[in-house]
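For the sequence shown, our numbering assigns the number 57 to the initial residue and increments by one for each residue that follows.
Okay, so here's the structure we're looking at.
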Amino acid sequence: MDNEKFLKAFNKVHLIMTLIAWCIIICMLIYVLVVYNDLDDIIGVHFSGNGEFDIYDSKAYIFYPFVVGIGLNVIFGLFTLLMKKFKSGMKISEAGELRAKSYLRVGIDFMKICLSLFFSYWAYCVVVQNPLNMATVGAWAFLALFIDILLIIAMLITIRIKYRK
């Protein structure tokens, strides 16, 4: 596949994955805004490792997961934009450079989706006052991110071998 077709295909994938990440967290934010006035003034807002609320505070803290989730989406989004301007330093061909950046962008997009799901689910659990078992959900979320990082590294190593100058 030539570079232009490859880039066009990966730009579509990047756009779709970015939209999915943003839709997840924005839809949950809208839900929280709709039910916010129905919440008690003091609610469980933080969970212990065994899945029990361990901190009760103002319902305003329900927006904390959104601050973090949206903040991370913005940071990762800026990182993918800045990535276009820099060379990888891997001493690979132009086609390899293009593929390395594209695969890295999609890997980061997957991280954004995982983080949006995690923080949205956290907010949902606070709204319905059903404690989130951090040991289980947190472990699955970080396992997904760890596997994503391993796949990114494997793809970059493959690109380094295949597209060496």
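Idealized CB from N, CA, C, for every residue including glycine.
Leaving out five residues before and five after residue i in sequence, what residues of the same chain have Cβ atoms less than 7 angstroms from its Cβ?
{"i": "VAL69", "result": "VAL162"}
{"i": "ARG216", "result": "MET146, ILE148"}
{"i": "ILE208", "result": "TYR159, LEU160, GLY163"}
{"i": "ILE213", "result": "none"}
{"i": "TRP78", "result": "ASN129"}
{"i": "PHE103", "result": "PHE109, ASP110, PRO187, LEU188, MET190"}
Would you say residue i and residue j are within 8 angstroms of each other, going by their C-beta atoms?
{"i": "VAL193", "j": "VAL91", "result": "no"}
{"i": "ILE86", "j": "VAL101", "result": "no"}
{"i": "PRO187", "j": "GLY107", "result": "yes"}
{"i": "SER114", "j": "ASP94", "result": "no"}
{"i": "PHE142", "j": "ALA179", "result": "no"}
{"i": "PHE175", "j": "GLY125", "result": "yes"}
{"i": "GLU150", "j": "SER144", "result": "no"}
{"i": "GLN185", "j": "ILE99", "result": "yes"}
If I measure Cβ to Cβ from residue i and keep anything under 8 angstroms in the same chain, skipping five residues before and after, which residues do I get?
{"i": "ASP204", "result": "GLY163, PHE166, MET167, CYS170"}
{"i": "LYS218", "result": "GLY152"}
What are the start and end residues of the beta strand (DSSP E) that includes residue i?
{"i": "GLY100", "result": "98-103"}
What residue range is occupied by the uninterrupted alpha helix (DSSP H) comprising residue i?
{"i": "ASP165", "result": "150-184"}
Leaving out the 5 sequence neighbours to the left and right, which residues in its chain are closer than 6 angstroms to residue i when beta-carbon positions are compared?
{"i": "LEU128", "result": "LEU171"}
{"i": "MET139", "result": "LYS157"}
{"i": "MET211", "result": "TYR159"}
Would the beta-carbon of residue i be found less than 7 angstroms away from any heavy atom of the ligand NAP?
{"i": "LYS221", "result": "You won't find the ligand NAP in this model; it holds no ligand whatsoever."}
| query | In chain order, which continuous runs of the beta strand (DSSP E) of length 3 or greater are located wholly inside the segment 74-132? | reply | DSSP runs (the beta strand (DSSP E)) wholly in the segment 74-132: 98-103, 109-114.
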